[in-house]
Ligand code: PMP
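Numbering (full-length UniProt numbering), first residue to last: 36 to 358.
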């Protein structure tokens, strides 16, 4: 689908996957005016195809568009287009447990000019790709590296937008974490480098003395759809989640005193990813004996069950496509 200032968003179409031809001065190549989303379609054992909370992705896409001065899209129309598109490609959706069809909507600015100002033309595309199970040989808790030099997001910046620069800006820390044999970066706030924001491409939760805590949204943390679902799910079970500022020192102290019971990340890719170890200022800490905790385990089972249609969906989160 294309956008011009004269016509607005127009000409939605489905075309075979193919390389694009673009002007070398297209603005996206130079100034990164681009946004994206990520969601999944699942096939359940009864053959139905389900999208998990897709309206939330289009809402967040528009929120990112607004931050990057990209014209917003009609969320209802986008959902209708996506349903048609996924239905066409539904044979591609694997049915083995843990597999799904990954859906990547994205918008790029295309005006051919080196001017530093919002583009007047854009292209929106959606690519679909079957993905295997995130966990091949069972769920293995990850170790994380607390990054205390680079930050992912600053107050007033683009941290809560899904835009390219936030991800390429994270590579340096990602490489550093990998050099320390850690799978993910734990990001701290961009001012005091003290308050926890998120983990790699996941939001993060802590179980302390039986209560679940997560960093409160502050404009620089991505508003994860899995995060929102976890909060709603736990609340429906009478376990309110405390959304607040959480410092890294508090977590280290809670781990030392034995009151930190679980740490886990939430995101579309892994759904729930338990954290078994943490490195901070050259010290390694083991969390929950390096094992997955009962809350993470229950959340994983329940969310995956709802997403794949194997469990009831009392929240009405899944959009079930007609066969
Ligand atoms: N934080 C970041 C930076 C991310 O890229 C993602 C993945 N979209 C998340 C958190 C988790 O968000 P969601 O649950 O919507 O996948």
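Note that CB positions come from ideal geometry on N, CA and C, so glycine has one too.
Predicted model, so just to flag it, every value in this text is computed and none were measured.
Let me know if residue 224 comes out buried or exposed under the rule of 16 or more other beta-carbons within 10 Å of its beta-carbon.
In the chain shown, counting from the first residue as 1, residue 224 sits at position 189. So residue 224 counts as buried.
Quick one: does the C-beta of residue 73 sit closer than 7 Å to a heavy atom of the ligand PMP?
Start at 1 with the first residue of the chain shown, and residue 73 comes out as number 38. Because some heavy atom of the ligand PMP lies under 7 Å away, the Cβ of residue 73 counts as near it: yes.
Provide the residue(s) that pair with residue 77 in DSSP beta bridges, ordered along the chain.
Counted from its first residue, the chain shown places residue 77 at position 42. For residue 77, which the question treats as bridged, DSSP gives the partners 85.
What is the DSSP secondary structure of residue 52, reduced to helix, strand or coil?
Residue 52 sits at position 17 when you count from the first residue of the chain shown. Coil.
Report the start-end ranges of each beta strand (DSSP E) in the region 122-182 that is 3 residues or longer and not cut off at the edges.
Runs of the beta strand (DSSP E) inside the region 122-182: 135-144, 156-166, 177-182.
Does the region 52-68 come close enough to the region 165-172 that 3 or more CB-CB pairs lie under 8 Å?
Counting Cβ pairs under 8 Å, fewer than three are found: no touch.
What residue from 60, 301, 351 has the CA that sits closest to residue 147's CA?
Walking along the chain shown from the start, residue 147 turns up at place 112. Considering only alpha carbons, the answer is 60.
Rounded to a whole number of angstroms, what is the C-alpha to C-alpha distance between residue 173 and residue 318?
Counting from 1 along the chain shown, the entry for residue 173 is found at position 138. Counting from 1 along the chain shown, the entry for residue 318 is found at position 283. One C-alpha to the other measures close to 28 Å.
Sort 36, 115, 310, 123 by Cα distance to residue 217 and report the nearest one.
For this step, residue 217 is matched to residue 182 along the chain shown. Ranking 36, 115, 310, 123 by Cα distance to residue 217 puts 310 first.
Which first and last residues belong to the beta strand (DSSP E) in which residue 249 is found?
The residue given as residue 249 occupies position 214 in the chain shown. Residues 246-250.
Excluding sequence positions up to five away, which residues of its chain have a Cβ less than 7 Å from the Cβ of residue 207?
Taking the first residue of the chain shown as position 1, residue 207 is located at position 172. Result list for residue 207: 185, in chain order.
In the DSSP assignment, find the unbroken beta strand (DSSP E) run with residue 31 in it and report its ends.
In the structure as shown, the chain begins at 36 and stops at 358. Residue 31 is therefore absent and cannot be evaluated.
Is the region 149-165 close to the region 180-200, with three or more CB pairs under 8 Å?
The region 149-165, when compared against the region 180-200, does not touch it at the 8 Å Cβ threshold.
In the DSSP output, what is residue 299 paired with across the bridge?
Within the chain shown, numbered from 1, the residue matching residue 299 stands at position 264. In the DSSP output, where bridge partners are listed per residue, residue 299 has 240, 309.
How would you write the range of the alpha helix (DSSP H) that residue 340 sits in, first residue to last?
Taking the chain shown and counting its residues from 1, one reaches residue 340 at position 305. It spans 329-343 - the alpha helix (DSSP H) in which residue 340 sits, taken as one unbroken run.
Just the C-alpha distance for residue 97 and residue 142, rounded to the nearest angstrom, thanks.
On the chain shown, position 62 is the one that residue 97 refers to. On the chain shown, position 107 is the one that residue 142 refers to. Their backbone Cα atoms lie some 11 Å apart in a straight line.
Tell me, to the nearest whole angstrom, how far the beta carbon of residue 161 is from that of residue 139; I am working on the premise that it is less than 8 Å.
As a working mapping, residue 161 is identified with position 126 in the chain shown. As a working mapping, residue 139 is identified with position 104 in the chain shown. The Cβ separation is near 7 Å, so the contact holds.
Report the residue from 266, 320, 108, 315 whose alpha carbon sits nearest the alpha carbon of residue 275.
In the chain shown, residue 275 corresponds to position 240, counting from 1. When only C-alpha atoms are compared, the closest one is 266.
Could you check which residue in 124, 198, 187 has the C-alpha nearest to that of residue 209?
In the chain shown, counting from the first residue as 1, residue 209 sits at position 174. With distances taken between Cα atoms, residue 209 lies closest to 187.
If you measure from the CB of residue 253, is any heavy atom of the ligand PMP nearer than 7 Å?
Along the chain shown, read from residue 1 onward, the residue named residue 253 stands at position 218. No.
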